[in-house]
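Participant:
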Amino acid sequence: METLKQILALLSGKKNIIAGLITTTSAFLTLQGVISAELATYINAISLLTFGSASIATRQILYKK
């Protein structure tokens with residue numbers, strides 16, 4: 012559990028950066044024709060949901076008293 016707290020603390024301020032990288036990468040891959048626009052939209056939606064949920068979970072674990 013302590014390791015999980017350390018990992019979450021490390022990533023705590025970087026979730027937006029990670030989500031931004033995922034979005035940018037999927038947009039680039041769409042422009043290159045590697046993935047479809049529908050798949051890029053799905054990837055972006057899942058990453059937003061994941062990182063939004065992770066943000067709430069991080070606060071609950073790190074700041075739980």
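As numbered in the numbering used here, residues 12 to 76 make up the sequence shown, in order. Idealized CB from N, CA, C, for every residue including glycine. Given the structure is predicted, the values throughout are model-derived calculations rather than measurements.
Would you mind sorting Ser37 into buried or exposed? The rule is 16 or more other CB atoms within 10 Å of its CB.
Facilitator: For the purposes of this step, residue 37 is taken as the residue at position 26 of the sequence shown. That one is buried.
Participant: So Ile33 and Ile46 are in contact, right, with Cβ under 8 Å, and what is the actual spacing, rounded?
Facilitator: Reading the sequence shown from its first residue, position 22 is the one you call residue 33. Reading the sequence shown from its first residue, position 35 is the one you call residue 46. About 12 Å; that fails the 8 Å criterion.
Participant: If contacts are defined as beta-carbon pairs under 8 Å, then Thr41 and Ala51 qualify, I think. What distance do you get, rounded to the angstrom?
Facilitator: What you label residue 41 is simply residue 30 of the sequence shown in a count that begins at 1. What you label residue 51 is simply residue 40 of the sequence shown in a count that begins at 1. Correct: roughly 4 Å between the Cβ atoms.
Participant: Considering Gln17, what are the terminal residues of the alpha helix (DSSP H) in which it resides?
Facilitator: To locate residue 17, count along the sequence shown from 1; it is residue 6. Segment Glu13 to Leu22, the alpha helix (DSSP H) holding Gln17.
Participant: Roughly how many angstroms separate the alpha carbons of Glu49 and Ala56, rounded to a whole number?
Facilitator: Here residue 49 is taken as the residue at index 38 of the sequence shown, counted from 1. Here residue 56 is taken as the residue at index 45 of the sequence shown, counted from 1. Between Glu49 and Ala56, the C-alpha separation is close to 11 Å.
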